[in-house]
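Engineer: Have a look at the structure that comes next, please.
Residue numbers (our numbering): 406 to 663.
Dropping the structure here:
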């Protein structure tokens, strides 16, 4: 039986959580370089889980395996009841409509307006929507990140923080059940980074999403994490709350908090 987790909002026990991602014995290597080595992890509904690790430890490889951008050498990645490595292209596209991915570099198209960037992700889906519904979805997504006025602006007209918000709006436009954040505050000043942290928390509260957050920013880790996992030598080395890891005497963990 799974242990109860605590609500990120109330701090009270919420009972047995629903597992939305279950990773079992995951292995991934590139040539002789073993990146993930018997990695195991569960992610629960309405949980922000932060994966912490040194550069090159395999954090981004992990979430790319979760969304099916990389295929593991072995192991299972059960996402919303489906084993990602076994899915064909059609079924992988369908499960991806329930998973949002915020790229580290935002991945917006410079030649498209904000509206066109958000619409592009909808046009690439296996289903088709009427334009009126697309317009409503674009409007709601931008309102969620506080940028409705940017709809007809070009990316070059936006600040770094605004670009991150627009990228997040695109990630949210299909109201995914799971969001994967790859270094969401990298390159942002401390004030803007905190705004992004608060936005991550408010969206979690509004949509009850489960998230995996990859971050080197310890302020982001502290502000957003319900649970922290340390990825070391390709394995889940330790997991717990931010304060539990911060209090650890293990040198492999202490180095992140110094």
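We put the CB at the ideal spot given by N, CA and C, even for glycine.
By the three-class DSSP mapping on this structure, what secondary structure does residue 408 have?
Structural biologist: With a pLDDT of only 43 at residue 408, under 50, the local geometry of the prediction cannot be trusted, and no value is derived from it.
Engineer: Bridge partners for residue 586 per DSSP, in chain order?
Structural biologist: Answer by DSSP bridge pairing, in chain order: 507 and 618.
Engineer: Per DSSP, residue 645 forms a beta bridge with which residues?
Structural biologist: DSSP, once it has assigned bridges, lists 633 as partnering residue 645.
Engineer: Distance check for residue 436 and residue 418, CA to CA, integer angstroms please.
Structural biologist: Low confidence applies to residue 418: its pLDDT is 48, below 50, so where it sits in the model is not reliable enough to give any reading.
Engineer: Quick one, are the C-beta atoms of residue 658 and residue 642 less than 9 Å apart?
Structural biologist: Yes, the Cβ-Cβ distance between residue 658 and residue 642 is below 9 Å.
Engineer: Taking 9 Å as the threshold (C-beta atoms), are residue 589 and residue 601 in contact?
Structural biologist: Taking 9 Å as the Cβ cut-off, residue 601 and residue 589 qualify as a contacting pair.
Engineer: Can you tell me whether DSSP reads residue 498 as helix, strand or coil?
Structural biologist: Three-state DSSP puts residue 498 in a helix.
Engineer: Within a Cβ cutoff of 8 Å, which residues of the same chain sit near residue 557, ignoring the five residues on either side of it in sequence?
Structural biologist: 518, 519 and 520, listed in sequence order.
Engineer: Hey, how far is the Cα of residue 606 from the Cα of residue 629?
Structural biologist: Cα-Cα distance, rounded: 6 Å.
Engineer: Taking C-alpha atoms, which residue in 614, 430, 580 and 651 lies nearest to residue 423?
Structural biologist: Measuring from the Cα of residue 423, the nearest candidate turns out to be 614.
Engineer: In this structure, how does DSSP classify residue 424 when only helix, strand and coil are distinguished?
Structural biologist: If DSSP states are grouped into helix, strand and coil, residue 424 belongs with the strands.
Engineer: On the CB-based measure, 16 or more other CB atoms within 10 Å of its CB, does residue 473 come out buried or exposed?
Structural biologist: Counting Cβ neighbours within 10 Å, residue 473 comes out buried, since at least 16 surround it.
Engineer: So, residue 511 versus residue 598, is the Cβ gap smaller than 9 Å?
Structural biologist: It is not a contact, given that the beta carbons lie outside the stated cut-off.
Engineer: Comparing C-alpha positions only, which one of 426, 439, 425 and 467 sits nearest to residue 635?
Structural biologist: It is 467.
Engineer: Of all the options 539, 426 and 537, which has the alpha carbon lying nearest to the alpha carbon of residue 470?
Structural biologist: With distances taken between Cα atoms, residue 470 lies closest to 426.
Engineer: Going by beta carbon distance, what residues of the same chain come within less than 6 Å of residue 654, once the five residues before and after it are set aside?
Structural biologist: If we look at residue 654 and ignore the five residues flanking it on each side, it has no Cβ neighbours.
Engineer: In whole angstroms, what separates the C-alpha of residue 645 from that of residue 461?
Structural biologist: Cα to Cα, residue 645 sits roughly 22 Å from residue 461.
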